[in-house]
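Heads up: the structure comes next, in structure tokens.
So this is what it looks like as structure tokens:
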């Protein structure tokens, strides 16, 4: 057995064991290495910004070559470099201070950068670095992993909506037979919901701050009282592609992170809703699943083809949402000017997004195995002529026939209605001949309103 296999088998979290390969896209972002790399980037960019401020005469601007060397330290940070940070942390017992010391260690022998060592982490509290690092990590995950994966899911569903736009299906409100729809229209409903929530996720602002120990620029002003530090802070934060947060305690209040978590949680909830509905439709026989050679549906029942992808997706979205709900409820709360409870919670962000990513992939895999079963869909429709009662009583209302709802209720409720009895009732009505013929020609499968049109327009 290889060392990697042993590591996977001994992993405490399934994200680093059974599902390790499914979350590789998030590993460089939310891992300890990802956090250290983001911290180095913030520290480096802060040093460069300070050097460009004319009022800080003790730190002259760096040459282009020196600035490039400095940025390369962040851009090319290796796992070995991150391991060195962890070595330093064993002495400092402070993770951000260890990053500061690594940077100083790498710069000390550089002729141009060496004299700038004491401006590394200048006037910063650890949370100045942390909040910006997590904001950058979340933006990276959102832009490069989550939204592309959501777009992939939306595209797959849109394709299904168009493919099955005209395929009629019996609706089931409260689990009972109801006015027919089409398979495509029901999938289009999900597309519309995911598009809206995706726009919310994409549009959520990601605030950041760099204003010192309690948000008042105390140390900044003590060192350089003539600099407009609020303007400097705003320029720096926005240069990172983040939204400036002007009012904070020691920590950025995390409202932006809560908003992202809530947006992702709503996306996951829509996906759970879809998983459960598809699971039910598979049970009814409305969808068939492609059988993969060698797969076993049950350890004892050879005939079974279980909807495992939808069950797996539902379970993973559920785990993700339990964490997202906790993040959104907990992170915006901090005692007085700062407590440390957010620190350990923020480290679990990758766990939540990891389970959401697994959910997306499982859902996409399950959708790819589905094929509609028109014969089974048609059989349920043909056995449900009572659903035309809505159409008939509505036309009766149009022409003022007495008690239309009550007449159809008496005809249909709790009774077996078939094609013959429904058409006999329609034929007995005093309706204009054209309308009567239109109703007589109607079948449960043709009574779908604008469902096809709506499905094709999504």
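Numbering (the UniProt record's numbering), first residue to last: 1 to 458. Note that beta-carbon positions come from the ideal geometry of N, C-alpha and C, so glycine has one too.
Three-state secondary structure (DSSP) of residue i
i: residue 302; result: Confidence is the limiting factor: at residue 302 the pLDDT is only 48, short of 50, which leaves the residue's position unreliable, though a coordinate-based value still follows. Residue 302: coil per DSSP, three-state reduction.
i: residue 115; result: helix
i: residue 185; result: helix
i: residue 244; result: strand
i: residue 215; result: coil
i: residue 404; result: helix
i: residue 332; result: coil
i: residue 445; result: coil
i: residue 203; result: helix
i: residue 315; result: helix
i: residue 198; result: helix
i: residue 21; result: helix
i: residue 416; result: coil
Distance CB(residue i)-CB(residue j) smaller than 8 Å
i: residue 260; j: residue 138; result: yes
i: residue 48; j: residue 135; result: no
i: residue 41; j: residue 74; result: yes
i: residue 354; j: residue 145; result: no
i: residue 169; j: residue 191; result: no
i: residue 324; j: residue 275; result: no
i: residue 205; j: residue 256; result: yes
i: residue 258; j: residue 331; result: yes
i: residue 116; j: residue 202; result: no
i: residue 103; j: residue 79; result: no
i: residue 405; j: residue 431; result: no
i: residue 147; j: residue 198; result: yes
Enclosing beta strand (DSSP E) for residue i [first to last residue]
i: residue 181; result: 176–182
i: residue 225; result: Unbroken run through residue 225: none, as it is neither H nor E.
i: residue 289; result: 287–289
First through last residue of the alpha helix (DSSP H) which encompasses residue i
i: residue 168; result: Per DSSP, residue 168 belongs to no alpha helix (DSSP H); it is in the beta strand (DSSP E), 168–173.
i: residue 370; result: Per DSSP, residue 370 belongs to no alpha helix (DSSP H); it is in the beta strand (DSSP E), 370–372.
i: residue 141; result: 126–141
i: residue 10; result: Here residue 10 belongs to no alpha helix (DSSP H), and DSSP marks it neither H nor E.
i: residue 423; result: 419–427
i: residue 276; result: 255–284
i: residue 160; result: 147–163
i: residue 457; result: 451–457
i: residue 29; result: 27–30
i: residue 342; result: 341–346
Any non-hydrogen atom of the ligand HEM closer than 7 Å to residue i Cβ
i: residue 186; result: With respect to small molecules bound, the structure shown includes none, and the ligand HEM cannot be examined in it.
Within the stretch 42–103, note down every full alpha helix (DSSP H) run reaching 4 residues or more, in order along the chain.
-> Whole alpha helix (DSSP H) segments, 4+ residues: 64–75 and 79–92.
How do the stretch 47–65 and the stretch 151–171 stand: do at least 3 beta-carbon pairs fall below 8 Å, yes or no?
-> Too few Cβ pairs lie closer than 8 Å, so no.
Are three or more beta carbon pairs between the stretch 358–377 and the stretch 420–431 nearer than 8 Å?
-> Not touching, per the Cβ criterion.
Note down, one range per segment and in chain order, each beta strand (DSSP E) of at least 3 residues found wholly within the stretch 349–397.
-> Qualifying beta strand (DSSP E) stretches, in chain order: 370–372.
Does the pairing of the stretch 256–274 with the stretch 306–321 give three or more beta-carbon distances under 8 Å?
-> Note that the stretch 256–274 touches the stretch 306–321; at least 3 beta-carbon pairs, one per stretch, sit closer than 8 Å.
Are there three or more Cβ pairs, one per stretch, closer than 8 Å when the stretch 160–167 is compared with the stretch 444–455?
-> Because the criterion of three Cβ pairs below 8 Å is met, the stretch 160–167 and the stretch 444–455 touch.
Decide if the stretch 114–128 is in contact with the stretch 244–262; the criterion is three or more beta carbon pairs, one per stretch, under 8 Å apart.
-> A contact exists between the stretch 114–128 and the stretch 244–262.
Are there three or more Cβ pairs, one per stretch, closer than 8 Å when the stretch 335–347 is compared with the stretch 393–401?
-> Short answer: they don't touch.
Taking three-plus beta-carbon pairs below 8 Å as touching, is the stretch 101–121 in contact with the stretch 70–88?
-> Yes, they touch.
Taking three-plus beta-carbon pairs below 8 Å as touching, is the stretch 441–449 in contact with the stretch 376–388?
-> By the Cβ test, the stretch 441–449 is in contact with the stretch 376–388, since at least three Cβ pairs between them sit closer than 8 Å.
Do three or more CB pairs link the stretch 342–352 to the stretch 376–383 at distances below 8 Å?
-> Counting C-beta pairs with one atom in each stretch, the stretch 342–352 and the stretch 376–383 have fewer than three that are closer than 8 Å, which means they do not touch.
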